[in-house]
Amino acid sequence: MMKHYYLLLALAFLALHPAIAQDSSKKPLIGISCSHPEDYSSVRTTYTESVIKAGGIPILIPVTENEKTLEDIVSLLDGLILTGGEDIHPSYYNEDPAEQLGEVNPVRDRYDMTLIRLATGRNLPVLGICRGEQLINVAFGGTLYQDLPTQYNGISVNHQQEEPSSVATHTVFVHS
Numbered sequence: 000m001m002k003h004y005y006l007l008l009a010l011a012f013l014a015l016h017p018a019i020a021q022d023s024s025k026k027p028l029i030g031i032s033c034s035h036p037e038d039y040s041s042v043r044t045t046y047t048e049s050v051i052k053a054g055g056i057p058i059l060i061p062v063t064e065n066e067k068t069l070e071d072i073v074s075l076l077d078g079l080i081l082t083g084g085e086d087i088h089p090s091y092y093n094e095d096p097a098e099q100l101g102e103v104n105p106v107r108d109r110y111d112m113t114l115i116r117l118a119t120g121r122n123l124p125v126l127g128i129c130r131g132e133q134l135i136n137v138a139f140g141g142t143l144y145q146d147l148p149t150q151y152n153g154i155s156v157n158h159q160q161e162e163p164s165s166v167a168t169h170t171v172f173v174h175s
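Numbering (numbering that gives the first Met the number 0), first residue to last: 0 to 175.
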């Protein structure tokens with residue numbers, strides 16, 4: 000189920016953005032932000048497989064704080080996918096950490112925020128998945144609930160899934 004979700008998002012992303020659709024003979028280069036557990040950069044294969052199935056070429060962007068390197072990579076891209084991962088440090092949306100805040104990764108936060116700034120500066124399409132959606136929100140001045148059960152009417156969401164990543168474990172609702 001989740002693999003189909005990623006594929007659907009990638010297809011829509013690749014097909015609907017005018018900058019990508021302009022030259023149909025060229026496969027778009029889609030940058031994918033990496034996770035940064037310990038000392039390596041990685042992504043789930045569902046991200047790369049979805050981009051390939053949608054007709055793009057996935058480019059893994061290594062986690063680095065070297066802005067020039069990130070700038071050089073982003074300059075080659077036709078689009079950017081921001082992947083899931085740890086919580087975003089609340090200082091990015093002017094809050095102190097709550098006691099229930101999950102794991103954060105300051106290096107990854109700086110890396111992802113730099114990618115957003117560079118990509119939007121080039122008017123690239125940016126797709127956020129899970130943490131990526133939250134990053135886009137925060138980068139443009141939004142805020143987040145650090146812990147839904149304690150900060151929003153006792154809602155319980157089992158987001159730290161034990162199932163394989165291809166299995167959906169909760170529903171997402173968008174209210175406007």
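Heads up, the beta-carbon is just placed ideally off N, CA and C, and yes, glycines get one too.
Using the Cα positions of I115 and N152, report the straight-line distance between them to the nearest angstrom. Along the sequence shown, one-based indexing puts residue 115 at 116. Along the sequence shown, one-based indexing puts residue 152 at 153. Going from the Cα of I115 to the Cα of N152 covers about 31 Å.
Report, in whole angstroms, the separation of the C-beta atoms of D77 and P27, which I expect to be a contact under 8 Å. The sequence position of residue 77 within the sequence shown is 78, counting from 1. The sequence position of residue 27 within the sequence shown is 28, counting from 1. Taking a contact as a CB-CB distance under 8 Å, the pair D77 and P27 counts as one, their CB atoms being some 4 Å apart.
Going along the chain, which residues of its own chain have a beta-carbon closer than 6 Å to the beta-carbon of Y91, five neighbours each way excluded? If you number the sequence shown from 1, residue 91 lands on position 92. So the list reads V137, once near-sequence residues are dropped.
Indicate whether I56 and I31 have their beta-carbon atoms separated by less than 8 Å. Your numbering for residue 56 matches position 57 in the sequence shown. Your numbering for residue 31 matches position 32 in the sequence shown. Going by C-beta atoms, I56 is not nearer than 8 Å to I31.
Grab me the residues of P61's own chain with a C-beta within less than 7 Å of its C-beta, minus the 5 sequence neighbours each way, in chain order. In the sequence shown, the residue the question calls residue 61 occupies position 62. Excluding sequence positions up to five before and after P61, its CB lies within less than 7 Å of the CB of C33, S40, all in the same chain and listed in chain order.
According to DSSP, simplified to helix, strand and coil, what is I51? As a working mapping, residue 51 is identified with position 52 in the sequence shown. Note: I51 maps to helix in three-state DSSP.
Could you tell me which residues DSSP pairs with P57 in its beta bridges? As a working note, residue 57 is residue 58 in the sequence shown. In the DSSP output, where bridge partners are listed per residue, P57 has I29.
N-terminal and C-terminal residue of the beta strand (DSSP E) that L79 is part of: What you label residue 79 is simply residue 80 of the sequence shown in a count that begins at 1. Looking at the DSSP string, the run of the beta strand (DSSP E) that includes L79 is 78-81.
Going by C-alpha to C-alpha distance, which of T119, S49, G83, G120 sits closest to N104? Here the question's residue 104 lines up with position 105 in the sequence shown. Ranking the options by Cα distance to N104, first place goes to G83.
Rounded to whole angstroms, what is the Cα-Cα separation between S49 and Q150? Taking the first residue of the sequence shown as position 1, residue 49 is located at position 50. Taking the first residue of the sequence shown as position 1, residue 150 is located at position 151. Taking the straight line joining both Cα atoms gives about 34 Å.
So, with DSSP's three-state summary, where would you put S40? Locating residue 40 in the sequence shown gives position 41, counting from the first residue. It is coil, neither helix nor strand.
Kindly indicate which three-state DSSP category I128 falls into: helix, strand or coil? The residue given as residue 128 occupies position 129 in the sequence shown. I128 falls in the coil class under three-state DSSP.
Using DSSP with H/G/I as helix, E/B as strand and the rest coil, what is D108? One-based indexing of the sequence shown puts residue 108 at position 109. In the structure shown, D108 adopts helical secondary structure according to DSSP, grouped into three states.
Can you tell me whether G140 is buried or exposed, with buried defined as 16 or more other CB within 10 angstroms of its CB? Taking the first residue of the sequence shown as position 1, residue 140 is located at position 141. Burial is judged here by how many other beta carbons sit within 10 angstroms of a residue's own beta carbon; G140 has fewer than 16 and is exposed.
Count the other CB atoms within 10 Å of the CB of T47; is the residue buried (16 or more) or exposed (fewer)? Counting from one through the sequence shown, the residue named residue 47 turns up at place 48. Residue environment: T47 is assigned as buried (16 or more neighbouring CB atoms within 10 Å of its CB, all protein chains considered).
Taking just the CA atoms, how far does I87 sit from A97? The residue labelled residue 97 in the question sits at position 98 within the sequence shown. The residue labelled residue 87 in the question sits at position 88 within the sequence shown. Computed Cα separation, rounded: 12 Å.
Under a three-way DSSP split, which group does V179 fall into? Here the chain comprises residues numbered 0 to 175, so residue 179 is not present and cannot be evaluated.
Express the C-alpha separation of Q145 and I135 in angstroms, rounding to a whole number. In the sequence shown, counting from the first residue as 1, residue 135 sits at position 136. In the sequence shown, counting from the first residue as 1, residue 145 sits at position 146. Looking at the two C-alpha atoms, the distance is approximately 16 Å.
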